[in-house]
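Please read the structure below before turning to the comments.
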Amino acid sequence: ADGSWAAEVPVSAHRSAGAYAVHAYATVAGVQAFAGEASFEVSAPRAEVSVTQTAAQRAAGRFTVEARVDPASCPSGVASVQLPAWSDEGGQDDIVWHGAELGADGVWRAESSALAHRGSLGAYAAHAYVTCGNGVFAFAGAGAGEVSAGEASLSVSLSADERAASVVASGGAFALASSVSFPTWSEAGGQDDIV
Numbered sequence: 024a025d026g027s028w029a030a031e032v033p034v035s036a037h038r039s040a041g042a043y044a045v046h047a048y049a050t051v052a053g054v055q056a057f058a059g060e061a062s063f064e065v066s067a068p069r070a071e072v073s074v075t076q077t078a079a080q081r082a083a084g085r086f087t088v089e090a091r092v093d094p095a096s097c098p099s100g101v102a103s104v105q106l107p108a109w110s111d112e113g114g115q116d117d118i119v120w121h122g123a124e125l126g127a128d129g130v131w132r133a134e135s136s137a138l139a140h141r142g143s144l145g146a147y148a149a150h151a152y153v154t155c156g157n158g159v160f161a162f163a164g165a166g167a168g169e170v171s172a173g174e175a176s177l178s179v180s181l182s183a184d185e186r187a188a189s190v191v192a193s194g195g196a197f198a199l200a201s202s203v204s205f206p207t208w209s210e211a212g213g214q215d216d217i218v
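Listed below in structure tokens is the structure:
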């Protein structure tokens, strides 16, 4: 009624953060012509990213990638977080994209194993890619950490009746192994009775 024209522009149709340009074209007497321009800015998500291990995870060669998304950087809310991680060994040849879950503390997390990354230990890098509620999908931050498998441990205990010995291997290479063998022999006669 007041002669103004309006349109809703869904950011989800573009999925990008940053500056947007809007041009207006008016059709007057059958001729379309440029009539004006404007702009707006869409927030880019930001996150603090880290790679961490608890003592129990270290013993099993597992680790957690975490992302703390700054809520002010994603005013429409966070729809999902992807956490790609890889070891420094060999570059990104062992990259795995982990889908994160939101914890009660507001931190997005994904647990993984060094086995998923070709058994690599040592320095790891991780990124966070956030999808906001408005459809914006963007890199939000990077982090790093150390992944280890703890110290290798091998223990043997002989049963009270000496009928059998129990052998337990854990940590280190054992935590990453797909199988473990325990060749055993008596010292009498060397390895002539190895099993």
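Quick note on the working numbering: the sequence shown kicks off at 24 and runs consecutively.
Where is the CB? At the ideal position from N, CA and C, for every residue including glycine.
With a CB to CB cut of under 6 Å and the five nearest residues on each side skipped, what residues in its chain are close to alanine 4?
-> Beyond the ends of the chain as shown, which are 24 and 218, falls residue 4; an answer cannot be given.
Who does leucine 181 pair with in a DSSP beta bridge?
-> Paired residue(s): Ala188.
For the 8 Å Cβ check, are there 3 or more pairs between the region 98–106 and the region 149–161?
-> A contact exists between the region 98–106 and the region 149–161.
Would you say valine 153 and alanine 137 are within 7 Å of each other, going by their C-beta atoms?
-> No; because the gap between Cβ atoms is not below 7 Å, this pair is not in contact.
Spell out a yes or no on whether the region 158–177 and the region 86–105 are touching, meaning 3 or more CB-CB pairs, one atom from each, closer than 8 Å.
-> Because the criterion of three Cβ pairs below 8 Å is met, the region 158–177 and the region 86–105 touch.
Three-state class that DSSP yields for leucine 144 in the structure shown | Three-state result, leucine 144: coil.
Cβ separation of glutamate 64 and alanine 42, assumed to be a contact under 8 Å, to the nearest whole Å | Rounded, the Cβ-Cβ distance is 6 Å, consistent with contact.
When the distance is taken between beta carbons, is alanine 172 closer than 7 Å to glycine 145?
-> It is not a contact, given that the beta carbons lie outside the stated cut-off.
Does the Cβ of glutamine 214 have 16 or more other Cβ atoms within 10 Å, making it buried, or fewer, making it exposed?
-> Result: exposed.
Coil, strand or helix - glutamine 55 by DSSP = Here glutamine 55 sits in strand by DSSP.
Compare the Cα-Cα distances from alanine 82 to each of Ser202, Glu134, Ala175 and Val34 and report the closest residue.
-> The candidate whose alpha carbon is nearest that of alanine 82 is Ala175.
Spatial distance of serine 180 from glycine 212 (CA atoms) = When rounded, the distance between both Cα atoms is 23 Å.
Who are the Cβ neighbours of arginine 69 in its own chain at under 7 Å, not counting the five residues just before and after it?
-> So the list reads Asp93, Ser96, Ala163 and Gly164, once near-sequence residues are dropped.
Compute the Euclidean distance between the alpha carbons of valine 188 and aspartate 116, then round it to the nearest angstrom.
-> Note that residue 188 corresponds to alanine in the displayed sequence, not to valine. Spanning the two alpha carbons is a distance of roughly 42 Å.
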